[in-house]
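Residue numbers (the working numbering): 39 to 303.
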């Protein structure tokens, strides 16, 4: 029987209440010899300025949990801070999770199975994203927009990267300050470096979070990230990255979570 992979979790956060709900769902996961717990869980506190210590816990389990500061430089920089902080625990894989997802029963065993199924040339494996719809009424426009996440490629809501691949390409490009296109950019660079990217069998739940009145203005700032993608990867970057056009609905869905949070922080 092959050895189970060593893996760690990195979660960038600005301390929203949904963080603890995500950690509760993580702590509820079952482990066994073939599906071991993460060697550590790293939370990157990306609140800017001087703030009170982040309060978070993994109830009922003794998995190593620590918090490192990200200082409000954005999710790309926060994820880099997190995965580089795991050097002492030496994981082979880094599982990136967003702080607003819920991990269903069986997620951990599904992730470990996905990692074990990766060949030596596979640099990353992504989960499927499921967005709950209301059952007692038609979904709102906002809910339909967020549901577009179900078709997202290489979304770091749940994306595990081989540490060697991250080291080879120097991680996320911190010139992407928002939760938009930084994941597609990393996937393109990892693939260009010779690694393949896989779709795993696991899935996560991405609840719809409330939007505020200013979200559309903040979302428009993502146009600068599209311009950076074109400069870095050429005029056909959308086709190569399997990224859809700039329709507002998809744009809202892929950027909304972090930007709504930033607007309400």
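Each residue gets a CB set at the ideal place from its N, CA and C atoms; glycine is no exception.
These numbers were taken from a predicted model, which means no experiment stands behind them.
Three or more beta-carbon pairs drawn from the segment 70-86 and the segment 149-165 are found closer than 8 Å, and the two stretches are therefore classed as touching. Counting C-beta pairs with one atom in each stretch, the segment 95-111 and the segment 159-178 have fewer than three that are closer than 8 Å, which means they do not touch. In the displayed model, residue 135 falls within a strand according to three-state DSSP.
Burial of residue 244 is indicated by the presence of at least 16 other C-beta atoms within 10 angstroms of its C-beta. The Cβ atoms of residue 66 and residue 81 do not sit closer than 9 Å to each other.
Note that the C-beta distance between residue 46 and residue 155 is not below 9 Å. Remark: C-beta atoms of residue 128 and residue 84 do not approach each other more closely than 9 Å. Here the alpha carbon of residue 41 sits roughly 29 Å from the alpha carbon of residue 227. The straight-line gap separating the alpha-carbon atoms of residue 139 and residue 56 is approximately 8 Å. Boundaries of the beta strand (DSSP E) harbouring residue 82: 79-83, taken from the DSSP string. Residue 154 carries a helical assignment under DSSP once its states are collapsed to helix, strand and coil. Bounds of the alpha helix (DSSP H) holding residue 221 are 220-230. Within its own chain, the residues whose Cβ lies closer than 8 Å to the Cβ of residue 159, once the five positions on either side in sequence are excluded, are 232, 233, 234, listed in chain order.
For the options 61, 146, 44, the alpha carbon positioned closest to that of residue 50 is the one of 61. For residue 113, the enclosing alpha helix (DSSP H) begins and ends at 113-122.
Following the DSSP letters along the chain, one finds residue 185 inside the alpha helix (DSSP H) bounded by residues 179-185.
Under DSSP, residue 50 takes part in a beta bridge, and its partners are 82. Bounds of the alpha helix (DSSP H) holding residue 201 are 201-207. Closest in C-alpha terms to residue 98, from the list 190, 54, 146, 68, comes 68. Under the 10 Å beta carbon count, residue 126 is surrounded by fewer than 16 other beta carbons and is classified as exposed.
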